[in-house]
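Participant: Got a structure for you, written out below as structure tokens; questions coming shortly.
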Amino acid sequence: MNLAHVVREEAPKTNENPMSKETMMTIEARKQSDFLCENYIRNRLDDTLYDIYSSYNSAKEVWELLEKNYKTEKDGAKKFVIGKFHKYAMVDSKIVIKQVEELQIPIHELLTKGCFINEHFQLGAIIEKLTPSWKDFKIYLKHKRREMSMKDLILRLRVEEDHRKGDKGEVPVMEAKANVIETSKPKFQKNKGKKAAKNYANPHAPKGKDFKKIKGVYWVCGKSRHKEQDCRH
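Plus 565 on top of the position in the sequence shown (first one is 1) and you've got this note's numbering.
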């Protein structure tokens, strides 16, 4: 509709007396544009606001008042979110990755409100908020020459956190169960091995009271109850 000039520029004025035909046409065109623009703005308002802004005489007046009221409110909302981001403090009692996710919420809010925050600033702010127990890792991250993305930072923090849990002996439940099973195996295998070795040593040997002396005559020497290894022939 090409009506933006109506709310940005002042209405044309003239000292001509009498006014030329060209000037009169310009003023009339401006009045028509102002009328259209003012009605477009009012039709976009909520019913509760329509009557309030109907008392103003030009589209420019209505626009400037709306901008003053709601732009101030929008700026206030931005400042609130910025304050929330700056005040956020990480703690050692919570998982670091969870806290990084919480920090990304106000960042996303600021981006949706039109605030441009480049990724370098986001990364630097998150690294700076790490607790004192992460001091050495903070220094390591700050001195990295290769540029990181947010995804890279989250991955490095996750790996470092898992490494720290391992140093403290915090073994996952499934791993702990696996260790219990593994430690119980040698005893079972040891007994099984003994039994197997015993049977292998003499698989056909008679046991306990069932053992009976050899009956019959040895075919070489003709003696009874005689084994081959006892024979002198």
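A virtual CB, placed ideally from N, CA and C, is assigned to each residue, including glycine.
1) For the alpha helix (DSSP H) containing Met590, list its first residue and its last residue.
2) Output needed for Met590: all residues of its chain with C-beta closer than 6 Å, excluding positions within five of it in sequence on either side, in chain order.
3) Once DSSP output is grouped into helix, strand and coil, what is the label at Asn806?
4) Val656 and Glu726: beta carbons closer than 7 Å?
5) Rounded to whole angstroms, what is the Cα-Cα separation between Val736 and Leu675?
6) What would DSSP say about Ile660, mapped onto helix, strand or coil?
7) Apart from the five residues just before and just after Lys763, which ones in its own chain have a Cβ nearer than 6 Å to its Cβ?
8) In angstroms, rounded to a whole number, what distance separates the CA positions of Tyr653 and Leu601?
9) Could you check which residue in Pro697, Lys707 and Val724 has the C-alpha nearest to that of Phe686?
10) Taking only runs that begin and end inside the segment 675 to 747, name each unbroken alpha helix (DSSP H) of 4 or more residues, in chain order.
11) Check whether the Cβ atoms of Leu720 and Ile691 lie closer than 7 Å to each other.
12) Measure how close the beta-carbons of Asp599 and Ala569 come, nearest whole angstrom, since I'm counting them as under 8 Å.
Facilitator: Taking the coordinates as given:
1) Along the sequence shown, one-based indexing puts residue 590 at 25. Its alpha helix (DSSP H) spans residues Lys586 to Asn608.
2) In the sequence shown, the residue the question calls residue 590 occupies position 25. Nothing listed; no residue qualifies.
3) The displayed coordinates of the chain run from 566 to 798. Any statement about residue 806 would go beyond what the structure contains.
4) Taking the first residue of the sequence shown as 1, we reach residue 656 at position 91. Taking the first residue of the sequence shown as 1, we reach residue 726 at position 161. With contacts defined by Cβ atoms closer than 7 Å, Val656 and Glu726 do not form a contacting pair.
5) Taking the first residue of the sequence shown as position 1, residue 736 is located at position 171. Taking the first residue of the sequence shown as position 1, residue 675 is located at position 110. With a pLDDT of 45 at Val736, under the threshold of 50, the modelled position of this residue cannot be trusted, and the question is left open.
6) Sequence index remark: in the sequence shown, residue 660 carries index 95 (1-based). The three-state reading of DSSP puts Ile660 in coil, since its state is none of H, G, I, E or B.
7) Working through the sequence shown from its first residue, we reach residue 763 at position 198. Note that Lys763 has pLDDT 48, beneath the 50 cutoff, so the model's placement of it is unreliable and no number is given.
8) Numbered from its first residue, the sequence shown carries residue 653 at position 88. Numbered from its first residue, the sequence shown carries residue 601 at position 36. Tyr653 and Leu601: Cα-Cα distance of roughly 48 Å.
9) The residue given as residue 686 occupies position 121 in the sequence shown. Here the closest residue by C-alpha is Lys707.
10) Entirely contained in the segment 675 to 747, the alpha helix (DSSP H) runs reaching 4 residues are, in chain order, 684 to 693, 700 to 707 and 715 to 732.
11) Sequence index remark: in the sequence shown, residue 720 carries index 155 (1-based). Sequence index remark: in the sequence shown, residue 691 carries index 126 (1-based). No.
12) As a working note, residue 599 is residue 34 in the sequence shown. As a working note, residue 569 is residue 4 in the sequence shown. The pair is not a contact, with the Cβ atoms about 12 Å apart (cut-off 8 Å).
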